[in-house]
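J.: Below: one structure in structure tokens.
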Amino acid sequence: MSPAVAARLGKLFGDCAAIWLRMQAAFDAWHAEREVDVSAIPTLKVA
Numbered sequence: 223m224s225p226a227v228a229a230r231l232g233k234l235f236g237d238c239a240a241i242w243l244r245m246q247a248a249f250d251a252w253h254a255e256r257e258v259d260v261s262a263i264p265t266l267k268v269a
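One gets my numbering by counting positions in the sequence shown from 1 and adding 222 to each.
Below you can see the structure in the form of structure tokens.
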């Protein structure tokens, strides 16, 4: 979703563009965590 579309949705529903952009980011992250193969990347340990 573009910021322009988010602004339009914010106006339509009486909230702000940031809410729509956060929802889109959460949706994108949810899909990426399920679709991207990260098995070859080591996990760093905190000292």
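In this text, a Cβ means the ideal position worked out from N, Cα and C, and glycines have one as well.
Small disclaimer: the values here were computed from a predicted structure and weren't measured.
Sort Gly236, Ile263, Trp242 by Cα distance to Val227 and report the nearest one.
T.: With distances taken between CA atoms, Val227 lies nearest to Trp242 out of Gly236, Ile263, Trp242.
J.: Determine the direct distance from the alpha carbon of Ala247 to that of Phe235, and round the result to whole angstroms.
T.: 19 angstroms
J.: Which value, in whole angstroms, describes the spacing of the CA atoms of Ser224 and Ala251?
T.: 16 angstroms
J.: In the structure shown, what three-state DSSP assignment does Lys233 receive?
T.: Looking at Lys233 - three-state DSSP - the assignment turns out to be helix.
J.: What span of residues does the alpha helix (DSSP H) with Leu243 cover, start to end?
T.: 239-257
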